Structure formats: C-alpha cells, structure tokens
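First up is the structure itself, then whatever we jot down about it.
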Amino acid sequence: MVSSIQPDLSITQISTPSQHQGMGSIVFDGGTAFRVWAPFAKKIHVAFYADENQADNKPT
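For the sequence shown, my numbering gives the first residue as 33, with consecutive numbering after it.
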C-alpha cells in the first residue's frame with residue numbers, strides 16, 4: 033500500500049524574511065536561531081547540552 037503525506041498548509045507563513053540566513057543553528061549577536069527544512073514533520077525537537085561531552089548523556 034502506498035500512501036501520500038500532504039503538507040499542513042494551515043501553518044502561518046512569515047511575510048518578512050529573516051535577516052539570519054542559513055539552516056541549522058545560526059548564532060548571532062543576541063541569540064541563536066534554529067532553522068530546519070522538514071515540510072512533512074509534525075514535530076521538531078531541539079536538544080540542549082551543557083557542553084560537547086554531554087552529548088552521550090541526556091540533554092539538559
């Protein structure tokens with residue numbers, strides 16, 4: 033059986049483009065932006081770690 037997943041077109045579009053370009057984590061003065069391309073995702077999770085060695089453990 034083949035099924036097709038349609039994107040949720042009810043998501044609000046931002047009319048003003050971001051001044052921070054790129055994908056992934058984008059660090060800038062005053063913060064960090066997280067951007068992913070996942071048109072069919074129902075959820076996106078971001079895990080924060082206290083340091084790079086903690087990646088083998090649970091996120092904070």
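Backbone N, C-alpha and C define an ideal beta-carbon position, used for all residues, glycine too. For clarity, every value in this text was computed on a predicted model and none was experimentally measured.
Counterpart residues of residue i in DSSP-defined beta bridges
i: residue 65; result: 58
Reference residue i, options the options, closest by Cα
i: residue 69; options: 79, 61, 83 and 56; result: 56
i: residue 76; options: 85, 66, 83 and 51; result: 66
Straight-line gap, residue i to residue j (C-alpha atoms, nearest Å)
i: residue 51; j: residue 71; result: 21 Å
i: residue 58; j: residue 74; result: 22 Å
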